[in-house]
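Remember, this note's numbering sits 95 above the position in the sequence shown when you count from 1.
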Amino acid sequence: MNTPDLKKLKLELAINAKSGIDFIISAAVVWSAIAYIWTLPKEAYSKSILTFYIGITMLPLALLLSKILKTKWTTKTNPLQPLGMWLNLAQLFYFPFLFFILRDNPDYFVMTYVIITGAHFFPYAWFYDEIGYAIFAGIIAVGALVVALNVTMVEMYFVPLYMVLCLLVLTVWLLISNKRKRRSANAMFN
Numbered sequence: 096m097n098t099p100d101l102k103k104l105k106l107e108l109a110i111n112a113k114s115g116i117d118f119i120i121s122a123a124v125v126w127s128a129i130a131y132i133w134t135l136p137k138e139a140y141s142k143s144i145l146t147f148y149i150g151i152t153m154l155p156l157a158l159l160l161s162k163i164l165k166t167k168w169t170t171k172t173n174p175l176q177p178l179g180m181w182l183n184l185a186q187l188f189y190f191p192f193l194f195f196i197l198r199d200n201p202d203y204f205v206m207t208y209v210i211i212t213g214a215h216f217f218p219y220a221w222f223y224d225e226i227g228y229a230i231f232a233g234i235i236a237v238g239a240l241v242v243a244l245n246v247t248m249v250e251m252y253f254v255p256l257y258m259v260l261c262l263l264v265l266t267v268w269l270l271i272s273n274k275r276k277r278r279s280a281n282a283m284f285n
């Protein structure tokens with residue numbers, strides 16, 4: 096496979112899936128709920144467990160958003176398509192670290208979860224040929240640490256709020272980028 100063919104395959108995935116925008120919007124909604132959870136007057140362990148459970152809602156919400164936004168999760172003729180699922184599953188291998196934090200330092204659970212989630216965006220920069228994912232992987236991971244180090248344990252809800260802000264900016268970035276990619280595809284395929 097030569098480079099132009101690879102670029103066309105990645106462009107097709109980016110256009111069909113709108114660069115994963117349904118997942119990013121879904122994540123913004125879920126992280127908003129998580130921010131609320133971290134304002135509750137409960138101990139960090141309980142908030143961490145609730146955080147983990149609310150995270151489960153992301154996939155069904157993304158599926159609903161894919162119907163509304165008319166995104167395609169699969170492009171059967173594109174041999175790169177299965178890689179998207181593998182890239183998403185890769186973050187599960189970081190969960191043992193998340194559970195270690197839950198057991199030994201639950202106050203930092205939400206920061207750790209944000210860092211893992213943000214960092215897992217990095218390979219999507221290649222997958223969708225979208226530099227925004229690489230930039231925000233770094234901004235989210237480093238920013239979550241900086242925020243967590245500068246707030247009290249009672250104010251840890253600022254970490255998921257920071258994540259929501261980053262996801263909203265990334266959403267706007269992806270919307271603009273997707274329009275450019277559609278114009279590029281029209282020129283390339285017509």
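The C-beta atom is built at its ideal place from N, Cα and C for all residues, glycine as well.
Here Ile151 is exposed: its Cβ has fewer than 16 other Cβ atoms, across all protein chains shown, within 10 Å. Secondary structure of Thr212 (DSSP, three-state): helix. Around the beta carbon of Lys102, fewer than 16 other beta carbons lie within 10 angstroms, which makes this residue exposed.
DSSP places Asn200 outside both helix and strand once states are collapsed to three, so it counts as coil. Taking a cut-off of 8 Å on C-beta distances, the region 171-183 does not touch the region 230-239, as fewer than three cross pairs fall below it. Within 10 angstroms of the beta-carbon of Thr247 lie fewer than 16 other beta-carbons, which makes it exposed. Counting along the chain, no alpha helix (DSSP H) covers Lys137, and no H or E run does either. The three-state secondary structure of Met258, taken from DSSP, is helix.
Ser143 is the residue among Ser114, Met251, Ser143 and Leu269 whose C-alpha sits nearest the C-alpha of Phe195.
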